[in-house]
Structures are given as C-alpha cells and as structure tokens.
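K.L.:
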Amino acid sequence: MKKKNFGGLDKIIPWRRLEYKDREKVMQNLASHEDWKSCFSEVAPGLLLFARQWVQSAADAEDIVQEAFIKFWRRNHKIQNRALLYAAVRSIALDFIRRDSRRARREATAVGETNEFIEPQFEFEDDTQRALAEAIDVLPCEQREVLVMKIWNELTFAEIAGALGISQNTAASRYRYALAALRNMLQPQ
Amino acid sequence: MNDLSEIENELRKLRPARPSPILFERIEEAMMDRRAGASHARQPARLPYNRLSLGFGLAAAAVLVLFAAVNMERRQERGEKIAQNSPAPETRPVLPAPRGESEITRSTFSNEFVPAGATRLVYNTRDEGLQFARGSGQPLRRLRHQTHETWQWRNPTTGASLRVSYPSEEVVLIPVSGQ
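So the protein lines, in turn, are chains C and X.
Numbered per the numbering used here, the first sequence spans residues 988 to 1176.
Numbered per the numbering used here, the second sequence spans residues 481 to 659.
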C-alpha cells in the first residue's frame, strides 16, 4: 500500500481565488484522498466562513468544519458530490446550534450581557471592506448562505441548490436579492 | 455602486479569515486515528458474520429468557417459595452500646457518609479568542475547560462508598492588558 506523504505541507497556503481548473483539481484531489492538507487549505477559508453563519465563535466554526471535512474525506465522495461537503457543514452546524442552545443560554446568563465577539469573519484592507462585511452580517440568513457559497466557495447554482435542497431558480434569485440588498445598504444617502 | 456586478466584484475582493494552524493538526490527528481504526471497522466481508453472530446471540438470549419464565411459572404452580427474607446479619458489634445511646442513634451513625475525595480532571482546554465586555475597552480572553469531576464519600462504619462522576465545562474570562 502506498504511504501518503504529508511532508512539506505544514505551511498554510494563503487564501487565493481559484480558477475553474484549479478548483476542479482541488476537489479531484479531495475526492481521491491525496494531499488532503493542500486541498483543505484551499477550501477551508470558504468553509469556515460558511460555518460562521450559524456560530459566533471561530473555534466552534472550526469544530464544525473539521467534523464535516473528515466525514467527506472518509466517505470517499466524488467531485460530482461536492455540494455534499457544504450540506454536511450546514447539517452539523444546525445540530451544533440545537445541542448548544442550552449551553449558550447558560453562559449568557452567567456573564451577563457582556458577550460580544470580535473575531472577524474577513480580513479587511480598508473601511469600505469593513462596511461591506457589516452589511453581509445583516442579510437574511437564506440570502447570506447563498452569497457565501457563490462568492467565497465558488459553487454553481446547481451545486448550491443541491446543498440547500432548493431549486436553482430559488438559489439564483436569493443571490440577486442579496446583491441588491447590499447595494442598497452601501449606497450613499 | 450602481450595478450588481460592481458589488459582486467588491465582494470578491473581500478575503475570508484564515483557519488556525491548530485546525490542520486536529484534522490530521483525527484522520490518522480513523485510518488506524478503519482497517478493522470497514471490512465489508466481515460485516455479515458480525450480523450473524449478533443474531445468534440475541436468539440465544431470547431462549434463555423464555426458559427462565417457564421455569418460574412451574415453580409458582408447585407452590415453591421464591422470595426469601434476607438472612439476619451475622456480625454483631464487638463493643456493647455505651450507656444512654440507643440502637436508633447507632443506626443513624452507621448511615453517615463522610467526604473521602474529589478529583477534577481537565482533559481539554480551548482558547476561544478575545472579546470585549460591553461598555468596556478592556479585552478578555475566553478559555473553555472541559473537565471530568469525581466526588467520593465513604461510610466509616460499614465501609460502603459512594462515587459520583460527571462531565463539566467551565468558561473563564481572563482580562488581557497591553504593555
């Protein structure tokens, strides 16, 4: 049996936008269980952002992504089932919320109204980007998840529809509504 | 921003936060664990045998339960006494009861449990980052400790012991001051 080589992959590959070919390659590797570290470093920021929609803390989002990714990797899913990875993240995140709602209430009572996390979901370069990130936060959940999947995870509408269990038209219209809402929020008064 | 494509381009420039390096280590660890366990757990050829043995085991247990039930019924029909009183205690106190101390008082004493030990095992600590208390400029570091606590009591008279174990979580906020 061929031994997998993880040497030299300890560095995190900086986030960059993937070209279509790259994306196919990354997911191909992901599905064939080769070089999971480099594959994961490519998809991880988008997956984490996707998970952060449901949980406030980055640590919780990482737990969710870890569980989903390992499930995906272990089950040897094909590239055609890419939406399954995002569906898994979503499902685990929703389970996490249900499981932790009691804990969250208890903690909120214990520390009073002092909880405000400052862990940002994005790396800002200027105030415009900060304003844009804040605007994304106030989008309705169903629009935000489509936006996150489309922009930062580069899924097609067909894949988004598959992951969320909605029609492609619904996915596309939610995306357009999200863009329009953001444009309205950021327009100078 | 007049056009949707313009806002789309702005969004594409926004970079998601990167995952922590610990996440990679954790996933690698989890994958190694599962890979090690997979050789035994995921052998399809063995699965039918496991199911078969489980089935045989359940069937055997069911037969035993049936046999016991039938046997009990027969005994009851014969009028056998099934339940028995527990035998009288064989041990007697070596020392006679002090004057003025009744048996009731002694039995109360014998029911007393005294704390014998407590352990708190912290098996995981997670740093959940910095946060600000509302209305305060001082950052706080949030740490979550996952522990397993065990309390133990002992009855010195009878030698009986009672142990309670439970998992617990503790969130600690530590003020961070910049120098």
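Where is the CB? At the ideal position from N, CA and C, for every residue including glycine.
Does Met974/C pass the burial test, meaning 16 or more other C-beta atoms within 10 Å, or should it be called exposed?
P.N.:
Residue 974/C lies beyond the stretch modelled for chain C, which goes from 988 to 1176, so this question has no answer here.
K.L.:
Whether or not the region 1072-1083 of chain C and the region 1047-1062 of chain C are in contact is what I'm after, with contact meaning three or more pairs of Cβ atoms, one per stretch, closer than 8 angstroms; do they touch?
P.N.:
Short answer: they touch.
K.L.:
Show which residues of chain C have a CB atom less than 7 angstroms away from the CB atom of Arg506/X.
P.N.:
Within 7 angstroms Cβ-Cβ: Gln1053.
K.L.:
Hey, would you say Leu1166/C sits closer than 8 angstroms to Glu488/X, going by beta carbons?
P.N.:
Contact: yes.
K.L.:
Would you mind working out which of Ala1158/C, Glu1141/C, Ile1123/C, Ser1028/C sits nearest Arg1170/C, comparing C-alpha positions?
P.N.:
Among Ala1158/C, Glu1141/C, Ile1123/C, Ser1028/C, the Cα nearest to that of Arg1170/C belongs to Ile1123/C.
K.L.:
Using only alpha-carbon positions, find the residue among Ala1045/C, Ile1079/C, Trp1041/C, Glu1112/C that is nearest to Lys1058/C.
P.N.:
If we check each option's Cα against that of Lys1058/C, Ile1079/C comes out closest.
K.L.:
Under 8 angstroms, Cβ to Cβ, is there at least one residue of chain X near Trp1139/C?
P.N.:
Chain X, which has a Cβ nearer than 8 angstroms to the Cβ of Trp1139/C, makes this yes.
K.L.:
For chain C, is any of its Cβ atoms less than 8 angstroms away from the one on Pro647/X?
P.N.:
Closer than 8 angstroms: no.
K.L.:
By how many angstroms is the C-alpha of Pro636/X removed from the C-alpha of Leu575/X?
P.N.:
For Leu575/X, the predicted structure reports a pLDDT of 47, less than 50, and the residue's modelled location is therefore unreliable. The matter cannot be settled from this model.
K.L.:
Please state whether the Cβ-Cβ distance between Pro499/X and Glu1132/C is less than 8 angstroms.
P.N.:
Contact flag unset, no.
K.L.:
Could you tell me whether the Cβ atoms of Thr605/X and Leu620/X are closer together than 8 angstroms?
P.N.:
No. Outside cutoff.
K.L.:
Taking Cβ to Cβ, would you say Ala1168/C is nearer than 8 angstroms to Leu1126/C?
P.N.:
Cβ atoms of Ala1168/C and Leu1126/C: closer than 8 angstroms.
K.L.:
At what residues does the beta strand (DSSP E) containing Asp607/X begin and finish?
P.N.:
Here the beta strand (DSSP E) through Asp607/X covers 594-612.
K.L.:
Could you check if Gly1033/C is buried or exposed, using at least 16 other CB atoms within 10 Å of its CB as the buried criterion?
P.N.:
Buried is the call here.
K.L.:
Could you give the distance in angstroms between the alpha-carbon of Thr980/C and the alpha-carbon of Ser485/X?
P.N.:
Residue 980/C cannot be examined here, being either before or after the span of chain C that is shown, 988 to 1176.
K.L.:
What whole-angstrom Cβ distance do Arg1161/C and Glu1121/C have, given they're in contact under 8 angstroms?
P.N.:
Rounded, the Cβ-Cβ distance is 20 angstroms, inconsistent with contact.
K.L.:
If we call anything under 8 angstroms between Cβ atoms a contact, is Thr627/X one with Val602/X?
P.N.:
For Thr627/X and Val602/X, yes; Cβs fall inside 8 angstroms.
K.L.:
Can you grab the Cα-Cα spacing for the pair Arg1085/C / Arg492/X, in whole Å?
P.N.:
Their Cα atoms are separated by approximately 32 angstroms.
K.L.:
Within 10 angstroms of the Cβ of Glu1146/C, are there 16 or more other Cβ atoms? Answer buried if so, exposed if not.
P.N.:
It is buried - the Cβ of Glu1146/C has at least 16 other Cβ atoms within 10 Å.
K.L.:
Measure the C-alpha to C-alpha separation of Phe612/X and Leu653/X and round it to an integer number of angstroms.
P.N.:
So the alpha carbons of these two residues sit roughly 10 angstroms apart.
K.L.:
With H, G and I counted as helix, E and B as strand and the rest as coil, what does DSSP make of Arg621/X?
P.N.:
Strand, per DSSP.
K.L.:
Counting only beta-carbon separations shorter than 8 angstroms, does Pro655/X have a partner in chain C?
P.N.:
By this cut-off, Pro655/X is not an interface position.
K.L.:
Can you pull the chain C residues whose beta carbon is under 7 angstroms from the beta carbon of Ser500/X, in chain order?
P.N.:
What Ser500/X touches in chain C: Glu1049.
K.L.:
Does Ser1044/C come within less than 8 angstroms of chain X when only Cβ atoms are used?
P.N.:
Closer than 8 angstroms: yes.
K.L.:
DSSP three-state call for Ser500/X: helix, strand or coil?
P.N.:
Residue state, collapsed to three classes: coil.
K.L.:
Which word fits Ala1158/C, buried or exposed, when buried means at least 16 other C-beta atoms lie within 10 angstroms of its C-beta?
P.N.:
It counts as buried.
K.L.:
Could you check the C-alpha separation between Trp1060/C and Ala510/X for me, to the nearest Å?
P.N.:
Approximately 11 angstroms, taken between the alpha carbons.
K.L.:
Does the beta carbon of Arg600/X sit closer than 8 angstroms to a beta carbon anywhere in chain C?
P.N.:
So, not an interface residue.
K.L.:
Along the chain, where does the beta strand (DSSP E) that runs through Ser1025/C open and close?
P.N.:
Unbroken run through Ser1025/C is the alpha helix (DSSP H), 1023-1038; no beta strand (DSSP E).
K.L.:
Assuming Pro496/X contacts Trp1139/C under a Cβ cut-off of 8 angstroms, what Cβ separation, rounded to an integer in Å, is found between them?
P.N.:
About 5 angstroms separates the two Cβ atoms, so the contact holds.
K.L.:
Spell out the partners DSSP gives Thr1115/C in its beta bridges.
P.N.:
Its beta-bridge partners do not exist; DSSP assigns none.
K.L.:
According to DSSP, which residues form a beta bridge with Leu642/X?
P.N.:
DSSP output for Leu642/X lists Trp633/X as bridge partner(s).
K.L.:
Mind pulling the alpha helix (DSSP H) runs of 4 or more residues that sit fully within the region 1113-1174 of chain C?
P.N.:
The region 1113-1174 of chain C contains these whole alpha helix (DSSP H) runs: 1114-1124, 1128-1138, 1144-1151, 1155-1173.
K.L.:
If we count the other Cβ atoms within 10 Å of its Cβ and call it buried at 16 or more, is Ala542/X buried or exposed?
P.N.:
Answer is exposed; the Cβ neighbour count stays below 16.
K.L.:
Just tell me which of Val545/X, Arg600/X, Ser616/X, Thr638/X has its CA closest to the CA of Ser648/X.
P.N.:
Checked all of Val545/X, Arg600/X, Ser616/X, Thr638/X; the closest Cα to Ser648/X is Arg600/X.
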